Amino acid sequence: MPDYEYLHKELAKPNVTLTLLYYEYEASCRQSGTAPYSYRTFCRNYTEYAQKFKATMRIRRKPGEIMEVDWAGSTLKLIDRDTGEFVKAYLFLATLPSSQYSYCEACLTMKTEDWIRAHVHAYEFFSGVTEVLVPDNLKVGVTKHKDYEAILNPVYRDLAEHYGTVIVPARVKTPKDKAAVEGTVNILSTWVIAALRHEQFFTLEELNKAVGLKLAEFNRRPFTKKYKVGNREEGFKREEQFALKPLPQSPFQMAAWRTATVQPDYHILVEGMFYSVPFQYISSRVDIRLTRDLVEIFFKDIRLASHRRHYGQPGQFATLSEHMPESHQLYLSHTPETSREWAKKVGPATVQVVEYLLTSSRAERQALNATCGSRNWRRNTN
1 MPDYEYLHKE
11 LAKPNVTLTL
21 LYYEYEASCR
31 QSGTAPYSYR
41 TFCRNYTEYA
51 QKFKATMRIR
61 RKPGEIMEVD
71 WAGSTLKLID
81 RDTGEFVKAY
91 LFLATLPSSQ
101 YSYCEACLTM
111 KTEDWIRAHV
121 HAYEFFSGVT
131 EVLVPDNLKV
141 GVTKHKDYEA
151 ILNPVYRDLA
161 EHYGTVIVPA
171 RVKTPKDKAA
181 VEGTVNILST
191 WVIAALRHEQ
201 FFTLEELNKA
211 VGLKLAEFNR
221 RPFTKKYKVG
231 NREEGFKREE
241 QFALKPLPQS
251 PFQMAAWRTA
261 TVQPDYHILV
271 EGMFYSVPFQ
281 YISSRVDIRL
291 TRDLVEIFFK
301 DIRLASHRRH
311 YGQPGQFATL
321 SEHMPESHQL
331 YLSHTPETSR
341 EWAKKVGPAT
351 VQVVEYLLTS
361 SRAERQALNA
371 TCGSRNWRRN
381 TN
């Protein structure tokens, strides 16, 4: 006979349902070699049904069209080995509405880095990409939101461009925009979070290994209603996997975004290094995209410049000559050879003057400054 006092206590805990408790009860009966009660008998004294129906438009999703993502409302727990204190872990969820096939993983934060990394893992788990990505109205994904008009987090936008998908955020307070994952949040909260409530984990790797096992059980769990397929995994393999777009050949490289003002010397300062921008944008506010190897500079979504990223001693400059004003380009291009070539094109008298300047000056830069002055004088008098 089930321990009803224990069941009452367990039902008071978040995400624990009679279905889960019956599943655990049935498993314990198999281990002890006793016959379990039927589900109806088990539930009779614990369930009161009060069903309220609302008119809902049913939208059939075509295979490979949408991936819905969200964080579970409840959290998992890790134990700090040193202090013994509990550390929260957050459950990321991704669902394909057509087959209801799902992915989840535990993360230590809900910040952008973990949010993006979990998306990458979801695409790898599904071995493909959907046409549309539907996230919740989260700041890590959407910085501003009004109906279907959204301004996306730039890192999230990078992710979508890399995978060739379109992000359509769910409207605020409109859960039906994301009905599949909202339902999955509740179910997986039971089959993962609540099911692991008695287990202890000391590392994220240990926790995610257990989460993965529960996820596999969830995807292979038979549907309670009769469908063409027996479970989510079967439905995915038979009816949806073929419709996904292939993964990109190169892995996604997460970028960091910064903003800066172009300085009077037409450079921006990024983490101690200086990178040039076309001089016409002096004093402009620009956006900077940083990857491990590259620095890209944008003004109102127009790319102005791209530089290899510098590391090491602060104060290094990356300067492209085409970003300079003409006078600066002329100054930079001045060498004794270019000065002599210019003089030959002008005439013999100019050759004599330039040669005198180059040979009579003690410092080369002083001589080049003098020849530069001669060139400027000739250009202004012609």
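full-length UniProt numbering numbers the first residue of the sequence shown as 1 and each following residue consecutively.
Where a beta carbon is used, it is the ideal one built from N, C-alpha and C, also for glycine.
Note that the coordinates shown come from a computational prediction; the quantities given were computed from them, not determined experimentally.
Please name the residue in the options whose C-alpha comes closest to that of residue i.
{"i": "R250", "options": "A195, H162 and A194", "result": "The sequence shown places Ser at residue 250, not Arg. Closest option to S250, Cα to Cα, is H162."}
{"i": "L244", "options": "F86, E85 and L96", "result": "L96"}
{"i": "T261", "options": "D301, V270 and H323", "result": "V270"}
{"i": "G315", "options": "E206, G272, V229 and R285", "result": "G272"}
{"i": "D82", "options": "T203, T291, R285 and F252", "result": "T203"}
{"i": "K62", "options": "E341, A349 and F236", "result": "F236"}
{"i": "D80", "options": "E355, C107 and F201", "result": "F201"}
{"i": "F218", "options": "I187, R340 and E206", "result": "I187"}
{"i": "E65", "options": "V166, R197 and E205", "result": "V166"}
Report the three-state DSSP secondary structure of residue i (helix, strand or coil).
{"i": "E296", "result": "strand"}
{"i": "V211", "result": "helix"}
{"i": "F252", "result": "coil"}
{"i": "D147", "result": "Residue placement at D147 is flagged as unreliable, the pLDDT there being 45, under the threshold of 50; a coordinate-derived value is accordingly withheld."}
{"i": "K77", "result": "strand"}
{"i": "A106", "result": "strand"}
{"i": "I167", "result": "strand"}
{"i": "A35", "result": "coil"}
{"i": "E68", "result": "strand"}
{"i": "K111", "result": "coil"}
{"i": "S283", "result": "coil"}
{"i": "T130", "result": "coil"}
{"i": "V155", "result": "helix"}
{"i": "A318", "result": "strand"}
{"i": "T184", "result": "helix"}
{"i": "T259", "result": "strand"}
{"i": "F125", "result": "helix"}
{"i": "T190", "result": "helix"}
Going by beta carbon distance, what residues of the same chain come within less than 6 Å of residue i, once the five residues before and after it are set aside?
{"i": "P154", "result": "W257"}
{"i": "A305", "result": "V277 and I297"}
{"i": "H307", "result": "Y275, V295 and A318"}
{"i": "V168", "result": "V132 and V134"}
{"i": "K88", "result": "T75"}
{"i": "E26", "result": "P36"}
What residues in its chain sit with their C-beta under 7 Å from that of residue i, if we drop five residues either side in the sequence?
{"i": "A195", "result": "L20 and K214"}
{"i": "Q282", "result": "Residue identity check: residue 282 is Ile in the sequence provided, not Gln. V262, P264 and Y266."}
{"i": "E105", "result": "F92, A118, H121, N208 and V211"}
{"i": "R285", "result": "T259 and T261"}
{"i": "E199", "result": "A210"}
{"i": "A255", "result": "V155, D158, R289, L290 and T291"}
{"i": "C107", "result": "A89, Y90, F92, D114 and A118"}
Just how far apart, CA to CA, sit residue i and residue j?
{"i": "A343", "j": "Q352", "result": "8 Å"}
{"i": "S102", "j": "L159", "result": "20 Å"}
{"i": "D287", "j": "P325", "result": "22 Å"}
{"i": "P222", "j": "E233", "result": "10 Å"}
{"i": "V346", "j": "S321", "result": "25 Å"}
{"i": "S28", "j": "T184", "result": "26 Å"}
{"i": "M1", "j": "Y37", "result": "8 Å"}
{"i": "T224", "j": "S189", "result": "18 Å"}
{"i": "G128", "j": "Q241", "result": "8 Å"}
{"i": "Y46", "j": "E124", "result": "The pLDDT assigned to Y46 is 42, lower than 50, so where the model puts this residue is not dependable; a value taken from the coordinates is nonetheless given after this. Roughly 41 Å separates the two Cα atoms."}
{"i": "A94", "j": "T75", "result": "16 Å"}
{"i": "Y156", "j": "Q329", "result": "39 Å"}
{"i": "Y6", "j": "Q100", "result": "33 Å"}
{"i": "L247", "j": "F279", "result": "40 Å"}
{"i": "F299", "j": "E113", "result": "25 Å"}
{"i": "M67", "j": "D301", "result": "27 Å"}
{"i": "Y90", "j": "S98", "result": "25 Å"}
{"i": "T338", "j": "I268", "result": "30 Å"}
{"i": "Q31", "j": "E24", "result": "11 Å"}
{"i": "K77", "j": "F86", "result": "6 Å"}
{"i": "G164", "j": "I116", "result": "15 Å"}
{"i": "A72", "j": "N231", "result": "22 Å"}
{"i": "L290", "j": "G312", "result": "16 Å"}
{"i": "F126", "j": "D70", "result": "16 Å"}
{"i": "A349", "j": "T359", "result": "16 Å"}
{"i": "R238", "j": "V229", "result": "8 Å"}
{"i": "Y356", "j": "E341", "result": "15 Å"}
{"i": "G33", "j": "Y22", "result": "16 Å"}
{"i": "R220", "j": "W191", "result": "12 Å"}
Within a Cβ cutoff of 8 Å, which residues of the same chain sit near residue i, ignoring the five residues on either side of it in sequence?
{"i": "R292", "result": "Q253 and R309"}
Got a sec: is the Cβ-Cβ distance from residue i to anything in chain D below 8 Å?
{"i": "I268", "result": "The chain labelled as chain D is not found in the depicted structure, where only one protein chain is given."}
Runs of alpha helix (DSSP H) wholly within the segment 220-248 (minimum 4 residues, chain order): Entirely contained in the segment 220-248, the alpha helix (DSSP H) runs reaching 4 residues are, in chain order, 232-239.
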